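Here is the structure we will look at, set down as structure tokens.
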Amino acid sequence: MMIDVEGDRLAFFTSPASRKGRNLDADDRIATSVTDRENLTRSALVRGRVVARVDGDAGWAIVDRTFAKYTGGPCPRGEAREAFLVEPTHVVVPTFG
Numbered sequence: 025m026m027i028d029v030e031g032d033r034l035a036f037f038t039s040p041a042s043r044k045g046r047n048l049d050a051d052d053r054i055a056t057s058v059t060d061r062e063n064l065t066r067s068a069l070v071r072g073r074v075v076a077r078v079d080g081d082a083g084w085a086i087v088d089r090t091f092a093k094y095t096g097g098p099c100p101r102g103e104a105r106e107a108f109l110v111e112p113t114h115v116v117v118p119t120f121g
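Using my numbering, you'd call the opening residue of the sequence shown number 25 and step up by one each time.
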């Protein structure tokens with residue numbers, strides 16, 4: 025899952041019709057881990073709730089920005105995409121070594 029930061033919230037995207045999108049319709053809680061690509065021993069475990077779904081041009085702006093961080097270019101069009109903003113409720117930063 026491609027993740028970015030939007031203000032003080034996490035942002036990710038998916039198709040509203042995907043299993044992930046449908047699961048979020050039923051339960052807005054998420055849990056994910058984020059790893060620093062420059063230092064693979066540095067990571068964070070985040071739990072939170074989806075507090076906003078962003079579609080239309082504003083949603084695509086978040087999708088393209090997030091996609092570009094991972095691929096260098098905008099997300100291909102064709103399938104509907106929605107951005108989800110997550111308010112973290114619990115963050116753990118493990119230490120190694």
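Even for Gly, the Cβ is constructed at its ideal location relative to N, Cα and C.
Values in this document were obtained by computation on a predicted structure and should not be read as measured data.
Coil, strand or helix - Phe120 by DSSP: Position 96 of the sequence shown, counted from the start, is the residue given in the question as residue 120. Taken through DSSP and simplified to helix, strand or coil, Phe120 comes out as coil.
7 angstroms CB neighbourhood of Ala92 in its chain, flanking five on each side removed: The sequence position of residue 92 within the sequence shown is 68, counting from 1. Take Ala92, set aside five residues on each side of it, and the residues of its chain with a beta-carbon closer than 7 angstroms to its own are Pro98, in chain order.
Coarse secondary structure for Arg89, derived from DSSP in three states: Mapped onto the sequence shown, residue 89 falls at position 65. Note: Arg89 maps to helix in three-state DSSP.
Closest by C-alpha distance to Met26, when choosing among Val75, Asp79, Gly72 and Val87: The residue labelled residue 26 in the question sits at position 2 within the sequence shown. Looking at the Cα atoms, Val87 is the closest of the given residues.
Identity of the residues DSSP links to Val78 by a beta bridge: Mapped onto the sequence shown, residue 78 falls at position 54. Ala107.
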